[in-house]
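Engineer: Chains as they are written, first to last, in this note's numbering: chain A, 9 to 425; chain B, 2 to 87. The beta carbon of each residue, even a glycine, is placed where N, CA and C say it ideally should be.
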Amino acid sequence: MTGADFDVLVIGAGPAGLSAAVAAAENGARVLLVDENADPGGQIWRKDLLDEGKKRKRDLVRRANDAGVETAFSSRISVVLDQSCAILDSDAGTRRIEFGRAVIATGARELMLPFPGWTFPNVFGIGGLQALVKSGFDVAGKRIAISGTGPLLPAVGSFLKKRGARIVIVAEQATSFSLVRFAASMVSQPRKLLQARDYLFGRNAVTIKPNRFIRSVRRDGSELVLNFGPSGGIDELRCDILATGFHLVPNTDVAMAFGCEIRNGRVVTDDFQETSVKGIYAAGEPTGISGVEGALAEGTIAGFAASGAHEMAEPLFRKRDRETAFGGKLDLAFMLRPELRELAEKDTIICRCEDVKFEQLRNRTTWREAKLLTRCGMGPCQGRICGPAYAFLFNQEVLEQRNPIQPLACGEIAKGS
Amino acid sequence: MKTGEKISIRINGQKTECLSGLSVAAVLLNCGIEGFRTSVSGEGRAPVCGMGVCFECRLEIDGRREVRSCQVLVVEGMEIFTDDGR
Numbered sequence: 009m010t011g012a013d014f015d016v017l018v019i020g021a022g023p024a025g026l027s028a029a030v031a032a033a034e035n036g037a038r039v040l041l042v043d044e045n046a047d048p049g050g051q052i053w054r055k056d057l058l059d060e061g062k063k064r065k066r067d068l069v070r071r072a073n074d075a076g077v078e079t080a081f082s083s084r085i086s087v088v089l090d091q092s093c094a095i096l097d098s099d100a101g102t103r104r105i106e107f108g109r110a111v112i113a114t115g116a117r118e119l120m121l122p123f124p125g126w127t128f129p130n131v132f133g134i135g136g137l138q139a140l141v142k143s144g145f146d147v148a149g150k151r152i153a154i155s156g157t158g159p160l161l162p163a164v165g166s167f168l169k170k171r172g173a174r175i176v177i178v179a180e181q182a183t184s185f186s187l188v189r190f191a192a193s194m195v196s197q198p199r200k201l202l203q204a205r206d207y208l209f210g211r212n213a214v215t216i217k218p219n220r221f222i223r224s225v226r227r228d229g230s231e232l233v234l235n236f237g238p239s240g241g242i243d244e245l246r247c248d249i250l251a252t253g254f255h256l257v258p259n260t261d262v263a264m265a266f267g268c269e270i271r272n273g274r275v276v277t278d279d280f281q282e283t284s285v286k287g288i289y290a291a292g293e294p295t296g297i298s299g300v301e302g303a304l305a306e307g308t309i310a311g312f313a314a315s316g317a318h319e320m321a322e323p324l325f326r327k328r329d330r331e332t333a334f335g336g337k338l339d340l341a342f343m344l345r346p347e348l349r350e351l352a353e354k355d356t357i358i359c360r361c362e363d364v365k366f367e368q369l370r371n372r373t374t375w376r377e378a379k380l381l382t383r384c385g386m387g388p389c390q391g392r393i394c395g396p397a398y399a400f401l402f403n404q405e406v407l408e409q410r411n412p413i414q415p416l417a418c419g420e421i422a423k424g425s
Numbered sequence: 002m003k004t005g006e007k008i009s010i011r012i013n014g015q016k017t018e019c020l021s022g023l024s025v026a027a028v029l030l031n032c033g034i035e036g037f038r039t040s041v042s043g044e045g046r047a048p049v050c051g052m053g054v055c056f057e058c059r060l061e062i063d064g065r066r067e068v069r070s071c072q073v074l075v076v077e078g079m080e081i082f083t084d085d086g087r
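(1) Note the first and the last residue of the continuous beta strand (DSSP E) segment covering Asn235/A.
(2) Can you name, in chain order, every residue of its own chain whose Cβ lies under 6 Å from the Cβ of Val25/B, other than the five neighbours on each side?
(3) Counting beta carbon pairs with one atom in the stretch 27-43 of chain A and one in the stretch 334-341 of chain A, are three or more of them shorter than 8 Å?
(4) Using the Cβ count rule (16 or more neighbours within 10 Å means buried), how would you classify Gly78/B?
(5) With H, G and I counted as helix, E and B as strand and the rest as coil, what does DSSP make of Phe342/A?
(6) Leaving aside the five residues before and after Leu54/A along the sequence, list all residues of the same chain whose C-beta is less than 6 Å from its C-beta, in chain order.
(7) DSSP on Pro258/A, reduced to helix/strand/coil?
(8) Measure the beta-carbon distance from Phe56/B to Cys418/A and round it to whole angstroms, keeping in mind my assumption that it falls under 8 Å.
(9) Going along chain A in order, which residues have a C-beta closer than 8 Å to the C-beta of Gly51/B?
(10) For Gln15/B, count neighbouring C-beta atoms within 10 Å of its own C-beta (all shown protein chains included) and say buried if the count is 16 or more, exposed if not.
(11) Please name the residue in Lys286/A, Ala310/A, Gly287/A whose C-alpha comes closest to that of Thr295/A.
(12) Comparing the C-beta of Leu60/B with each C-beta of chain A, is any distance below 9 Å?
(13) Please confirm if Met57/A has its CB atom under 9 Å from at least one CB of chain B.
(14) Can you tell me whether His318/A is buried or exposed, with buried defined as 16 or more other CB within 10 angstroms of its CB?
(15) Looking only at its own chain, which residues have a Cβ that is under 6 Å from the Cβ of Met9/A, when we skip the five neighbours before and after it?
(16) Which whole-angstrom value is the C-beta distance of Ala47/B and Gly36/B, which I expect to be below 8 Å?
(17) Judging by CA-CA distance, which residue of Phe402/A, Arg349/A, Leu324/A, Thr308/A is the nearest neighbour of Val18/A?
(18) Name the one or two DSSP bridge partners that Gln15/B has.
(19) Report the residues of the stretch 18-52 of chain A with a CB closer than 8 Å to any CB of chain B, ordered along the chain.
(20) If distances are taken between C-alpha atoms only, which option among Thr373/A, Cys384/A, Arg376/A, Arg171/A comes closest to Lys365/A?
(21) Would you kindly check if the distance between the Cβ of Ala397/A and the Cβ of Leu121/A is under 9 Å?
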């Protein structure tokens with residue numbers, strides 16, 4: 009194709025990135041697959057020490073190997089130099105790589121909303137707690153409360169129960185009307201219905217309490233004492249661990265660094281998953297949250313298109329479009345209720361890196377002003393946690409940061425460029 | 002694929018036995034450690050996102066500072082320091 013090191017660079021090895029790498033490599037492209045984690049799978053298929061994982065994941069990993077996909081795990085694209093050159097950073101140092109095309113499959117992260125006590129130890133993200141348990145955190149015998157919104161709540165609740173935890177509550181902020189309407193709209197998606205049946209009626213089923221949300225946490229010795237809204241619901245509840253998550257936020261940082269157009273927090277793509285920058289594709293959650301099936305379809309389309317096989321991508325459009333429609337149903341069913349904007353009190357920390365409090369932020373007119381005057385979003389996470397929370401709390405636009413995408417020693421930048 | 006063999010590491014100078022293949026964050030949580038890092042206003046903080054995004058679990062590993070402990074697996078002889086363990 010070109011004199012570059014690789015025909016296609018795939019950033020992220022979750023379902024979207026794996027399927028993109030497989031499609032491109034099986035079509036004859038030289039592919040480099042990069043992921044920050046030590047193993048492939050992304051978050052949804054994250055390696056579990058006690059479980060060999062989903063067959064679909066193992067199949068894709070095997071096909072990637074068979075097709076000669078080169079991999080760089082525990083590695084990050086930390087600087088995008090232009091649309092065919094980037095700096096890859098790992099423990100072993102930095103490396104400059106050149107590529108013909110790129111597929112951005114950087115996944116999503118959880119939306120964490122601030123409430124009094126959310127910075128205490130033993131308060132986790134829902135997906136975060138699941139990831140930690142998969143990597144060896146033992147929760148057997150722990151009393152765990154779950155609060156937030158979306159399909160991850162019963163899924164993780166059921167997973168934790170299987171690992172021996174006692175689930176004291178699964179508080180879903182959406183109303184029961186919303187949940188029933190959502191369930192009814194799922195009749196055309198048998199695979200998702202079967203999964204839901206497992207979480208709600210299987211051996212490790214959990215019960216969802218709709219119309220409930222965490223309001224505050226205090227500590228009593230090593231216990232967490234939880235208070236829920238709306239008023240007049242449940243009184244105090246005691247537990248060892250609280251996991252919260254208010255659905256997902258697309259990771260658009262790498263796409264921003266490439267200069268791709270972002271609209272409503274999502275990377276804009278055409279039918280072939282190509283972004284506004286020629287030769288740069290995006291697949292999976294960065295283009296909007298639509299789950300693993302959508303990610304697989306988008307990844308395959310992007311992989312074929314990036315390796316020049318547009319005719320092989322086209323038959324997958326219908327499946328992709330159906331799955332993207334599922335994303336729209338999620339957004340509607342799990343829309344955040346306005347009371348969640350009222351949880352933070354004046355001394356509640358919003359930016360966990362710089363310990364910026366709610367009262368320092370409430371009169372800022374833009375995210376930029378908040379950053380410059382209070383250092384909100386200026387710490388190591390670069391606003392990845394507080395940015396989406398700020399956007400929701402104050403109804404302002406928050407764009408993700410540009411180069412360098414990840415903190416990096418100055419000497420390493422000099423060596424790589 | 003199952004967790005590996007018994008290894009020994011040091012957390013804040015204290016010898017600790019654990020299984021290889023676990024993340025550093027998981028091992029510290031299993032030890033009941035609540036303060037991984039100390040925030041700019043002095044609060045003890047511990048892992049939140051579990052996937053390398055929030056940086057709350059960062060600590061010192063084998064002389065390298067500010068390492069995200071959820072992204073690193075324990076190996077024999079590893080030397081780990083929390084912020085208040087120094």
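Structural biologist: Inspection of the coordinates gives the following:
(1) Taking the first sequence and counting its residues from 1, one reaches residue 235/A at position 227. Element bounds for Asn235/A: 231-237.
(2) On the second sequence, position 24 is the one that residue 25/B refers to. Excluding sequence neighbours, Val25/B sits near Ser70, Val73, Val75.
(3) no
(4) Counted from its first residue, the second sequence places residue 78/B at position 77. Exposed, by the Cβ-count rule.
(5) The residue given as residue 342/A occupies position 334 in the first sequence. Here Phe342/A sits in coil by DSSP.
(6) As a first step, residue 54/A must be located in the first sequence, where it is residue number 46. Before going further, note that residue 54/A is Arg rather than Leu in the sequence given. Same-chain partners within the cutoff: Ala139, Lys142.
(7) Within the first sequence, residue 258/A is the residue found at index 250, counting from 1. If DSSP states are grouped into helix, strand and coil, Pro258/A belongs with the strands.
(8) Locating residue 56/B in the second sequence gives position 55, where the first residue counts as 1. Locating residue 418/A in the first sequence gives position 410, where the first residue counts as 1. Not quite, the Cβ-Cβ distance comes to about 19 Å (not below 8 Å), so this is no contact.
(9) In the second sequence, the residue the question calls residue 51/B occupies position 50. Near Gly51/B (Cβ distances below 8 Å), the residues of chain A are Phe132, Gly133, Gly135, Gly136, Leu137, Gln138, Ala139, Leu140, Ser143.
(10) By one-based count along the second sequence, residue 15/B stands at place 14. Flag for Gln15/B reads exposed.
(11) Locating residue 295/A in the first sequence gives position 287, where the first residue counts as 1. Of the listed residues, the one whose Cα sits closest to Thr295/A is Ala310/A.
(12) Residue mapping note: residue 60/B aligns to position 59 of the second sequence, counting from 1. False, the Cβ-Cβ gap to chain A never drops below 9 Å.
(13) Numbered from 1 along the first sequence, position 49 holds the residue referred to as residue 57/A. In the sequence as presented, Met is not what sits at residue 57/A; that position holds Leu. Yes, contact with chain B.
(14) Within the first sequence, numbered from 1, the residue matching residue 318/A stands at position 310. With fewer than 16 Cβ atoms within 10 Å of its Cβ, His318/A is classed as exposed.
(15) If you number the first sequence from 1, residue 9/A lands on position 1. Low local confidence applies: a pLDDT of 47 at Met9/A is under 50, so the model's placement there is unreliable, with the coordinate-based value given in what follows. Closer than 6 Å at the Cβ level, and outside the excluded window around Met9/A, lie Asp15, Gly108.
(16) Walking along the second sequence from the start, residue 47/B turns up at place 46. Walking along the second sequence from the start, residue 36/B turns up at place 35. Ala47/B to Gly36/B, Cβ: 7 Å. Contact.
(17) Counting from 1 along the first sequence, the entry for residue 18/A is found at position 10. Distances from the CA of Val18/A to each of Phe402/A, Arg349/A, Leu324/A, Thr308/A were compared; the closest alpha carbon is that of Thr308/A.
(18) The sequence position of residue 15/B within the second sequence is 14, counting from 1. Bridge partners of Gln15/B: Ile12/B.
(19) Glu44, Asn45, Ala46, Gln51
(20) Taking the first residue of the first sequence as position 1, residue 365/A is located at position 357. Comparing Cα-Cα distances from Lys365/A to each of Thr373/A, Cys384/A, Arg376/A, Arg171/A, the minimum goes to Cys384/A.
(21) Counting from one through the first sequence, the residue named residue 121/A turns up at place 113. Counting from one through the first sequence, the residue named residue 397/A turns up at place 389. Yes, these two residues count as a Cβ contact at 9 Å.
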